[in-house]
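Given below as structure tokens:
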């Protein structure tokens, strides 16, 4: 069998049974925007040796009815999703029936389980691995939790770790390490419902930080150790790759929208104008602006009706933004430090998502985490449609997942009940059959 390393997730290595798809569609549902991307696999049509994805349609719309990645208004969210899908379909000239969708909730949880079985006849065969996998998939969860990903990380035999392929090896007990990512069941049901109401079907789900990582990390970065931070509007999610394997994923319920609200409150300006200020002057380093430079901003309340404005120095916006971004980075660092104090300083930091565009955010991240930092945009597919922006990282990562049928994403029995069609994710037997 094959472990789910980064090079398989990102499609850089494919199994012989890899199933090329003619058309794929991805839907990124965020707090600020909804993005739908439709792509054609040139390899499917032209029988090229190396698959090339060609984006043929993209639609995006302001997101309504979504808060911190969760659906809070079904009708508003349905309208936003339908508009984005229809725009992408109109550009592509196709109608899509199913798509891959992100899970951007701040309630994702990550844990690694080790499950073991005795080895029959002292030599590992396929049946031993199947029994170990079945045992790992049967891990019980709380009633309100559902599995999103179940990813094999590695094997051990009689305590010897780091075994990639145990077939044929001798020993008494075979253990498998499985990385299981879960979230609350209720939000998953609502996500499925709102997409169905928009006349589409979910084929797969992927947590946002993993999708963004697949779209932005290089193979070397995944192997050497990287923390990918997706700085979204509703929440900030992150994941950790070490030795090419996904070791941890998490999210905090603070994002770019909170920065906008900070600006609006502290400068008494309308939220829409606070968003503009964040985009235009929302760096985190006040020294990049001249202290004497002033900007006019409208006042909220009666001031809006009378077109009243106030003059404030440009650096004050950065002074408002900086504490919130520091809070986000320190919360991430705290969660990673709880695993190991060395994770932040020993691993590279990749920043993506809309708020990664803030001036100086990479320098601030270096100060907090202590390691090298770079800002990342999704990989270039050499298409006429421009997606060279960090706001598209999650959507592009979803598209890569949609093209990679050999990626292991396992649903739990509770999630099976949510998706009546059974098409959400491949079942255990198919995965076992295809992996050996």
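Numbering (the working numbering), first residue to last: 10 to 445. C-beta: ideal position from N, C-alpha, C; glycine also.
Helix, strand or coil: which one does DSSP assign to residue i?
i, result
"residue 70", "strand"
"residue 443", "Low confidence applies to residue 443: its pLDDT is 39, below 50, so where it sits in the model is not reliable enough to give any reading."
"residue 14", "strand"
"residue 360", "strand"
"residue 267", "helix"
"residue 424", "Below a pLDDT of 50, predicted positions are generally treated as unreliable, and residue 424, at 38, falls in that range; the measurement from the model is reported next regardless. In this structure, residue 424 counts as helix in the three-state DSSP scheme."
"residue 75", "strand"
"residue 283", "helix"
"residue 288", "helix"
"residue 272", "helix"
Are there 16 or more other CB atoms within 10 angstroms of the CB of residue i, so buried, or fewer, so exposed?
i, result
"residue 257", "buried"
"residue 67", "buried"
"residue 296", "exposed"
"residue 121", "exposed"
"residue 381", "exposed"
"residue 274", "exposed"
"residue 132", "exposed"
"residue 412", "buried"
"residue 332", "exposed"
"residue 379", "exposed"
"residue 229", "exposed"
"residue 291", "buried"
"residue 361", "buried"
"residue 366", "buried"
"residue 83", "exposed"
"residue 15", "buried"
In the DSSP assignment, find the alpha helix (DSSP H) that holds residue i and state where it starts and stops.
i, result
"residue 378", "370-378"
"residue 254", "That residue, residue 254, is in no alpha helix (DSSP H); its beta strand (DSSP E) goes 254-261."
"residue 402", "402-412"
May I ask which residues mark the beginning and end of the beta strand (DSSP E) holding residue i?
i, result
"residue 251", "245-251"
"residue 164", "154-166"
"residue 36", "32-38"
"residue 46", "42-50"
"residue 383", "382-384"
Is there a Cβ from chain D that is less than 7 Å from the Cβ of residue i?
i, result
"residue 356", "Absent from the structure: chain D. Only one protein chain is present."
*Entirely within the segment 183-241 and at least 3 residues each: give me those beta strand (DSSP E) ranges in chain order.*
210-216, 235-240
_List, from N- to C-terminal side, the beta strand (DSSP E) runs of 3 residues or more that fit wholly inside the segment 290-358._
303-307, 318-322
*Run through the segment 83-170 for me and flag every whole alpha helix (DSSP H) of 4 or more residues, listed as ranges in chain order.*
83-101, 135-146
*Are there three or more Cβ pairs, one per stretch, closer than 8 Å when the segment 198-206 is compared with the segment 182-190?*
no
*Are the segment 309-328 and the segment 215-227 touching by the rule of at least three beta carbon pairs closer than 8 Å?*
no
*Do the segment 276-289 and the segment 133-151 touch if we need at least three Cβ pairs shorter than 8 Å?*
no
_Check whether the segment 86-101 and the segment 124-131 are in contact - that is, three or more C-beta pairs closer than 8 Å._
no
*Please determine if the segment 106-114 and the segment 135-146 are in contact, where contact requires at least 3 C-beta pairs separated by less than 8 Å.*
no
*Would you call the segment 251-270 and the segment 370-379 in contact, with 3 or more CB pairs under 8 Å?*
no
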